[in-house]
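Trainee:
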Amino acid sequence: MTPRRSVENALLAGPLVLFLLAVLGFPTLLSLIYGFSETSFQTLTTPQFSGLKNFRDVAADPAFWQAAWFSLRFGAITALLQCGLGLALAVYLAPLARRHGWTVAILIIPMIVAPAMMGLMYRLVLHEFAGPVPHYLYSWFGWSPSFLGPANVFKTVVVAETLQWTPFAFLLFLTACQSIPEDLREAAAVDGTRPWRLFWKIELPLMMPTVFVALFIRFIDGFRVFDNIYTLVGAGPGGSTTSMSIYIYETFLRRGEIGKALAAAILLFATAFVVLAAAPRLLRGRSA
Amino acid sequence: MTFKTCLHASVAALAMMASGAVNAEVTVLGWPGGPEETALRAVTEIYNARPDLAAENKVELLFTSRDGFFDKLQVDLAAGSTAFDINLIATYSIGRYAPFMEPITLSDQAGAVFGDTVLKTMQFDGAQYGVPTDLSLHFLYYRSDLIDALLADDAAKAKYSEIAMKHLGKAMEPKAPADWTWEDFVANALYFTQSINPDSPTRYGTVIQAKNLLFNMMVFHSWPRSYGGNWMDDAGAITVDSEAFRTALSQAKMLFDLGATPPDSTSYEYAEANAAYASGQVAAMVQWNAAAGELTAAQAATGTSAPPAGPDGRFTHIHGLGLGLNKAAENKEGAIAFLQWLSTEEAALAYAKAGGAPGLASETAAKLAADRPDLVQVGEYASTYGFVMNGGTSENALSVYEVQAKEFTGYWAGTQDLDTALKNTAAAMTDLLK
Amino acid sequence: MKPRMTLRWIVFAIAAFVMNFPVLATLITAFKPPGEVARNPSLWIEAPTLQNFAAVLTVSDRLNVYHYLWNSTFAALIGAVLPMVVALPLAWAMVRRGVGRGVLFPLVVNLRALPLIIFAIPLYMMYSVVGLLDTRLGLGLILAVVNLPLTVMLLVNAVAEIPAEIEEAAHMDGARLPRLLFKVVLPLCRPALITTFIFGFITAWNEFLFGLMLTTRDAVPVTVGASFFFATSGGGVQWGMAAAVMVVAALPPLVLGLVMYRRITGSMVAGAVKG
Numbered sequence: 191m192t193p194r195r196s197v198e199n200a201l202l203a204g205p206l207v208l209f210l211l212a213v214l215g216f217p218t219l220l221s222l223i224y225g226f227s228e229t230s231f232q233t234l235t236t237p238q239f240s241g242l243k244n245f246r247d248v249a250a251d252p253a254f255w256q257a258a259w260f261s262l263r264f265g266a267i268t269a270l271l272q273c274g275l276g277l278a279l280a281v282y283l284a285p286l287a288r289r290h291g292w293t294v295a296i297l298i299i300p301m302i303v304a305p306a307m308m309g310l311m312y313r314l315v316l317h318e319f320a321g322p323v324p325h326y327l328y329s330w331f332g333w334s335p336s337f338l339g340p341a342n343v344f345k346t347v348v349v350a351e352t353l354q355w356t357p358f359a360f361l362l363f364l365t366a367c368q369s370i371p372e373d374l375r376e377a378a379a380v381d382g383t384r385p386w387r388l389f390w391k392i393e394l395p396l397m398m399p400t401v402f403v404a405l406f407i408r409f410i411d412g413f414r415v416f417d418n419i420y421t422l423v424g425a426g427p428g429g430s431t432t433s434m435s436i437y438i439y440e441t442f443l444r445r446g447e448i449g450k451a452l453a454a455a456i457l458l459f460a461t462a463f464v465v466l467a468a469a470p471r472l473l474r475g476r477s478a
Numbered sequence: 102m103t104f105k106t107c108l109h110a111s112v113a114a115l116a117m118m119a120s121g122a123v124n125a126e127v128t129v130l131g132w133p134g135g136p137e138e139t140a141l142r143a144v145t146e147i148y149n150a151r152p153d154l155a156a157e158n159k160v161e162l163l164f165t166s167r168d169g170f171f172d173k174l175q176v177d178l179a180a181g182s183t184a185f186d187i188n189l190i191a192t193y194s195i196g197r198y199a200p201f202m203e204p205i206t207l208s209d210q211a212g213a214v215f216g217d218t219v220l221k222t223m224q225f226d227g228a229q230y231g232v233p234t235d236l237s238l239h240f241l242y243y244r245s246d247l248i249d250a251l252l253a254d255d256a257a258k259a260k261y262s263e264i265a266m267k268h269l270g271k272a273m274e275p276k277a278p279a280d281w282t283w284e285d286f287v288a289n290a291l292y293f294t295q296s297i298n299p300d301s302p303t304r305y306g307t308v309i310q311a312k313n314l315l316f317n318m319m320v321f322h323s324w325p326r327s328y329g330g331n332w333m334d335d336a337g338a339i340t341v342d343s344e345a346f347r348t349a350l351s352q353a354k355m356l357f358d359l360g361a362t363p364p365d366s367t368s369y370e371y372a373e374a375n376a377a378y379a380s381g382q383v384a385a386m387v388q389w390n391a392a393a394g395e396l397t398a399a400q401a402a403t404g405t406s407a408p409p410a411g412p413d414g415r416f417t418h419i420h421g422l423g424l425g426l427n428k429a430a431e432n433k434e435g436a437i438a439f440l441q442w443l444s445t446e447e448a449a450l451a452y453a454k455a456g457g458a459p460g461l462a463s464e465t466a467a468k469l470a471a472d473r474p475d476l477v478q479v480g481e482y483a484s485t486y487g488f489v490m491n492g493g494t495s496e497n498a499l500s501v502y503e504v505q506a507k508e509f510t511g512y513w514a515g516t517q518d519l520d521t522a523l524k525n526t527a528a529a530m531t532d533l534l535k
Numbered sequence: 006m007k008p009r010m011t012l013r014w015i016v017f018a019i020a021a022f023v024m025n026f027p028v029l030a031t032l033i034t035a036f037k038p039p040g041e042v043a044r045n046p047s048l049w050i051e052a053p054t055l056q057n058f059a060a061v062l063t064v065s066d067r068l069n070v071y072h073y074l075w076n077s078t079f080a081a082l083i084g085a086v087l088p089m090v091v092a093l094p095l096a097w098a099m100v101r102r103g104v105g106r107g108v109l110f111p112l113v114v115n116l117r118a119l120p121l122i123i124f125a126i127p128l129y130m131m132y133s134v135v136g137l138l139d140t141r142l143g144l145g146l147i148l149a150v151v152n153l154p155l156t157v158m159l160l161v162n163a164v165a166e167i168p169a170e171i172e173e174a175a176h177m178d179g180a181r182l183p184r185l186l187f188k189v190v191l192p193l194c195r196p197a198l199i200t201t202f203i204f205g206f207i208t209a210w211n212e213f214l215f216g217l218m219l220t221t222r223d224a225v226p227v228t229v230g231a232s233f234f235f236a237t238s239g240g241g242v243q244w245g246m247a248a249a250v251m252v253v254a255a256l257p258p259l260v261l262g263l264v265m266y267r268r269i270t271g272s273m274v275a276g277a278v279k280g
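Quick note, the sequences are listed as chains H, Z and B, same order. Each position in the first sequence, counted from 1, maps to that position plus 190 in the numbering used here. Each position in the second sequence, counted from 1, maps to that position plus 101 in the numbering used here. Each position in the third sequence, counted from 1, maps to that position plus 5 in the numbering used here.
#1: Which chain H residues sit within Cβ distance under 8 Å of B:Ile207?
#2: Using a beta-carbon distance below 8 Å, is B:Gly240 in contact with chain H?
#3: Along the chain, where does the alpha helix (DSSP H) containing H:Asp381 start, and where does it finish?
#4: At what residues does the beta strand (DSSP E) containing Z:Trp332 begin and finish?
#5: Between which two residues does the beta strand (DSSP E) carrying Z:Glu161 extend?
#6: Residues of the stretch 138 to 168 of chain Z in Cβ contact with chain B at a cutoff of 7 Å, in chain order, please.
#7: Alpha carbons only, please: which of H:Leu457, H:Pro399, H:Gly339, H:Ile410 is nearest the one belonging to H:Ser249?
#8: Can you give the beta carbon distance from Z:Pro233 to Z:Gly460, rounded, assuming they're within the 8 Å contact cut?
#9: Please go through the same chain and pick out, in chain order, the residues whose beta-carbon is closer than 7 Å to the beta-carbon of Z:Pro204, but skip the five residues on each side of it.
#10: With H, G and I counted as helix, E and B as strand and the rest as coil, what does DSSP make of H:Arg195?
#11: Is Z:Ala122 helix, strand or coil by DSSP?
#12: Give every residue of the same chain whose Cβ lies closer than 7 Å to the Cβ of Z:Leu141, excluding the five residues on either side of it in the sequence, and list them in chain order.
#13: At 3 residues or longer, and completely inside the stretch 150 to 235 of chain Z: list those beta strand (DSSP E) runs for me, N to C.
#14: Is the separation between the beta-carbon of B:Val104 and that of H:Asn418 shorter than 8 Å?
#15: Should Z:Tyr198 go down as buried or exposed, given a rule of 16 or more other Cβ atoms within 10 Å for buried?
#16: List, in order along the chain, the chain B residues whose C-beta lies closer than 7 Å to that of Z:Val176?
#17: If you measure beta-carbon to beta-carbon, which residues of the stretch 373 to 403 of chain H are closer than 7 Å to chain B?
#18: Flag this pair as yes or no: are the beta carbons of B:Leu116 and B:Leu153 separated by less than 8 Å?
#19: Identify whether Z:His420 lies in helix, strand or coil by the three-state DSSP scheme.
#20: So B:Gly103 is in the alpha helix (DSSP H); what residue range does that whole segment cover?
#21: Is it right to say Z:Leu315 is buried, meaning 16 or more other beta carbons lie within 10 angstroms of its own, or is it exposed?
#22: Locate the beta strand (DSSP E) running through Z:Tyr243, then write down its first and last residues.
#23: What residues in its chain sit with their C-beta under 7 Å from that of H:Phe389, if we drop five residues either side in the sequence?
#24: Taking buried to mean at least 16 other C-beta atoms within 10 Å of its own C-beta, is H:Thr431 buried or exposed?
#25: Would you mind telling me which residues of chain B sit closer than 9 Å to Z:Ser380, beta carbon to beta carbon, in chain order?
#26: Is there at least one Cβ from chain H nearer than 8 Å to B:Phe26's Cβ?
#27: Report the three-state DSSP secondary structure of Z:Met386 (helix, strand or coil).
#28: Within 8 Å (strictly less), CB to CB, does Z:Ala376 reach chain B?
#29: Nearest-angstrom Cα distance between H:Thr267 and B:Val113?
#30: In chain B, which residues lie with their C-beta within 9 Å of the C-beta of H:Gly321?
#31: Taking a contact to mean a Cβ-Cβ separation below 8 Å, would you say H:Ala257 touches H:Tyr420 in this structure?
#32: Helix, strand or coil for H:Phe226 per DSSP?
#33: B:Met265 CB to nearest chain H CB: under 8 Å?
#34: For Z:Arg415, which residues does DSSP report across the bridge?
#35: With 16 other CB atoms within 10 Å as the buried threshold, where does B:Glu170 fall?
#36: Using a C-beta cutoff of 8 Å, does H:Glu351 count as contacting chain Z?
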């Protein structure tokens, strides 16, 4: 590499690195210290080094593993549902969207609403006595499932998350779909290709990179879910809707076990880092 | 005219901003929304109007969000915030905030105005950390129309006995709510549940707010306490894994299993439970005294009484809200002066008249009998039935409630059995209260 | 052709109704008077009223929704634009030259998986020392961190989609790096930049926990300010008022999203014509 190039590269990467260091440098350093110390709100300025004790505590805490499992399951299921639905809607409604742009506007409204508020909205909408959904179910069928009861609460939060964020996947796919050159489709139409075949043979392969990006983003967002679940049902009876973020938040602020919460965060970050080390390889494969 | 008003307003606003910047006032972080805020505003106005009060000691109020209020306060205090001189504390959180606060001396009148029980709700390690402002406890709310009808109907009484026999193993008779034990509460809840008694006028006999939330544990605590339950004995041994807690927890579990409380109630907190009662589909519930206005407005035929009794007597969990001194306060002198004034009879009476709910000694409350008869009832219940669990003001009290909320709601929702729930709770509490 | 289009309209209508149902119900609730919310759970309003909105839009000595909206706008703008400014050069360097691919990229992207609120205490301490506590700038900076992972992901993706030949052609013409970035890469990334801006602005606008922790008075954003309204009369949630303030709080990002959306389609059409 020529010296000029490396100066250039430093200038290109510099702003981001400096920004991160300025805002998160000190917090990260302090958090690392806290993670390896016996830390509570009372000992913020005098943390006692305790080695790996916090990490052992976290690993021995069944609630941590329960939260990890919840987040993995929630992230995977919601990402698949959202991307499946979003892709189907985007491809099917693309002709409509091209002619009537406002239809897209209507469909992306849910993701514009704050997730914390969405959780509150569902608290009202699903309430057995004050909410419209059980109200109509009762008046039409004389029965309504208990949406937030122990048996259904997981399904309910999955559906709520999916309905709010399918528009995100939809928008990404619609953009990708519309950037497919029209002459490709026209050529296919001239050849007499049926729409279904057109989708599998031409549109989907061209949209594959976006599919991966969307799945990835939605998985991460599902994994770290916090606001909407927390305002809707909290940590859940017996901690049954405790996601990783909720676990860390409650350990940190509610139980005041700062060292343990940070140890959990460090573990989470390290694991995700190792997993993600594969992602650049994916990117390289594509851009080459 | 409009232009003039505008100009006037902006000048006033500018002046306010300027004065805020120059004067070191006393800033009070209060409990946002509701009668507590209204009352605090009213007494602040009285205090600020005192002629002998120096301009730099005038009181300014600060209110933040109710959502996450204590999480934010925790961070503010721990990081040594100077944004306020006086902050809100609650009985269950004094221990946690005490390291960041300073004990105060109240006025000489305080003992007579509030009484010892109430002053104790603001003490930690023998030191007074706050002026009590509001006292919270629980009432049994019931639909008097429905229960009167039941008591007047022999066929209904027979049905009641039959249901009690089937589920509780005893042929019980319906009683007036003021005489209820927790068994009567359970039998009544079963009788008024449509899935058990198709003739019931309400869909559910009761509603138990069982979201995994610490406040819901406070509502529940009167139940095990009346069976003699406590967090720990006088020697400091954890006694949560006891017959008392087992009985109360499994009685409640029975109501969940038989559908006598809405199936969603494992996600209910205050607002949802009130909405259920307000809809007319619930016959009786134990709820905070603060709900009285809302519930009576929605169902006019609503009676209130102290929570049901158990073998050890009748109890209601009490906790207080109060105001105390931030260790990092910039104007400590002014802050202490305000806190001392708040603990005088003049301030307490004004606070109550403006809608607050201070726990007052009976002599003080008597002076308000015309304005606030409800405070007489609250004061009476607090002194007769009020209790704080052993360890309920300790450093980790908040965490103890949290643990119980998690474990007990898990048992009710069926994610774990009673033995596991109590074993986990006892283990965590041993760790937290050592 | 015709029946197929009709079917599309039906699918659109169902999807729009189901996905927007909570929003719709909230909008309806906002027009119900306080007493009606508990009594009438249906979607029909018996006595429509504007009193909830009037209450939200009235400035009192404690509640000032305009102030919260302004704070949110300011902070969300910083939170959306700043990450794009720092991420675009890096995105190009990463795609074309592999800079930071091994460590920096996973490091930044991973931040999205973390509940960043764990940094609340050290951030609070740091902010109070440098005077950023309870300021719009301080809030904006941390919102920028929140947005950084998604911004990096979307911009790396966008740069990777630019055909290398276009840049090579510009390079042949003797364009230097800054010129290349500003005159070639930036315009070609425009749709992605707009999308990123919209996502970033919305995310920043909707953030609650940092808004709660790092502000008390001067810089309170509207998500936190909205929660002030929920409990204005007692412990219970005032649903009508809560619904009204949620509608007001969601309007600005909604308008932005809708207006900017037209620009995305517009720029894409332009690109197609040019191509």
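Yeah, the Cβ is synthetic: ideal placement off N, Cα and C, and Gly gets one too.
Mentor: Based on what the coordinates show:
#1: Per Cβ cutoff of 8 Å: Met301, Ile302.
#2: Bear in mind that the predicted position of B:Gly240 carries a pLDDT of just 49, short of 50, making it too unreliable to give a figure here.
#3: From DSSP, H:Asp381 is part of no alpha helix (DSSP H); its letter is neither H nor E.
#4: Careful: Z:Trp332 lies outside any beta strand (DSSP E) and carries neither H nor E.
#5: Taken as a continuous stretch (DSSP letters only), the beta strand (DSSP E) holding Z:Glu161 covers 160 to 164.
#6: Correct list: Leu163, Phe164, Thr165, Ser166, Arg167, Asp168.
#7: What sits at residue 249 of chain H in the sequence shown is Ala, not Ser. Closest option to H:Ala249, Cα to Cα, is H:Leu457.
#8: Their Cβ separation, rounded to whole angstroms, is 6 Å, which keeps Z:Pro233 and Z:Gly460 in contact under 8 Å.
#9: Within its own chain, the residues whose Cβ lies closer than 7 Å to the Cβ of Z:Pro204, once the five positions on either side in sequence are excluded, are Ala228, Gln229, Tyr230, listed in chain order.
#10: In this structure, H:Arg195 counts as helix in the three-state DSSP scheme.
#11: Here Z:Ala122 scores only 42 on pLDDT, less than 50, and its place in the model should not be relied on; the value that follows carries that caveat. Under the three-state reduction of DSSP output, Z:Ala122 falls in the helix class.
#12: Only Gly131, Leu162 meet the Cβ criterion.
#13: Within the stretch 150 to 235 of chain Z, the complete beta strand (DSSP E) runs of at least 3 residues fall at 160 to 164, 187 to 191.
#14: Between B:Val104 and H:Asn418, the C-beta spacing is not below 8 Å.
#15: Buried: at least 16 other Cβ atoms inside 10 Å.
#16: Ala125, Ile126, Tyr129, Met218, listed in chain order.
#17: For chain B, the residues of the stretch 373 to 403 of chain H that bring a beta carbon within less than 7 Å of one of its beta carbons are Val403, in chain order.
#18: Cβ atoms of B:Leu116 and B:Leu153: closer than 8 Å.
#19: Correct three-state label for Z:His420: strand.
#20: No alpha helix (DSSP H) contains B:Gly103, which DSSP labels as neither H nor E.
#21: With 16 or more other Cβ atoms within 10 Å, it is buried.
#22: Start and end: 239 to 244.
#23: Same-chain partners within the cutoff: Val281.
#24: Classification of H:Thr431: buried, given that the 10 Å Cβ count is 16 or more.
#25: Those are Ala43, Arg44, Pro46, listed as they occur along chain B.
#26: Contact with chain H is found for B:Phe26, since one of that chain's Cβ atoms lies less than 8 Å from the residue's Cβ.
#27: Strand at Z:Met386.
#28: Yes - at least one Cβ of chain B is within 8 Å of the one on Z:Ala376.
#29: According to the sequence shown, residue 267 of chain H is Ile rather than Thr. Going from the Cα of H:Ile267 to the Cα of B:Val113 covers about 24 Å.
#30: In chain order: Ala30, Pro46.
#31: At a Cβ-Cβ threshold of 8 Å, H:Ala257 and H:Tyr420 do not count as neighbours.
#32: Assignment of H:Phe226 by DSSP, reduced to helix, strand and coil, places it in the coil class.
#33: No - not a single Cβ of chain H is within 8 Å of the one on B:Met265.
#34: Answer is Z:Ala410.
#35: Its Cβ having fewer than 16 others within 10 Å, B:Glu170 is exposed.
#36: Chain Z, which has no Cβ nearer than 8 Å to the Cβ of H:Glu351, makes this no.
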